[in-house]
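These notes concern the structure reproduced below.
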Amino acid sequence: MNIGRFGESFACSYLLNKKFEILERNFYTRIGEIDIIAKMGKDLVFIEVKTRIGLAAGYPYEAITPKKLSTIRKVGRMYLQKVKTNYRGLRIDVISIVLA
């Protein structure tokens, strides 16, 4: 298993412990991908997971650029068009994992 997949699996376990419902993993479209799409109550959460070994390249969340956020928003809109479900709130979360 590569580092990214390990981080996503770890993040899913964490989210399930926090009572999130995982709706999708690796939701791909022609313009990009969202690592995890989850539901918490009546809110929909698009989650980007960044995993690194050590901090030599900086904190993992620092890799979330304005371009990446824009892509997540666009892919999120595509997901909403696909599922045709209303949610009370929408948000983007980042899970940043550092392996020692």
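Heads up: the sequence shown begins at 910 in my numbering, then just goes up one per residue.
From the three backbone atoms N, C-alpha and C, an ideal C-beta is built for every residue, glycine too.
Out of E971, N926, C921, the CA that lies nearest to the CA of E933 is found in C921.
Counting only runs of at least 4 residues, the region 918-1001 fully encloses the following alpha helix (DSSP H) elements, listed from N- to C-terminal order: 975-992. Taking the Cα of K976 as reference, the smallest distance to any Cα among K928, G998, G941 is reached at G941.
Buried is the label assigned to I943, since at least 16 other Cβ atoms lie within 10 Å of its Cβ.
Excluding five sequence positions before and after V958, the CB atoms of its chain that fall closer than 6 Å to its own CB belong to G916, E917, A920, D944, I1004, given in chain order. For I1006, the pairing in a beta bridge is given by DSSP as T960. The Cβ-Cβ distance between Y988 and F936 falls below 8 Å. Beyond the five residues adjoining it in sequence on each side, I962 comes within less than 6 Å, by CB distance, of L1008 in the same chain, given in chain order. With a threshold of 16 other beta carbon atoms within 10 Å, A947 meets it and is buried. Closest option to Y923, judged by alpha-carbon separation, among R939, I912, I956, R986: I956.
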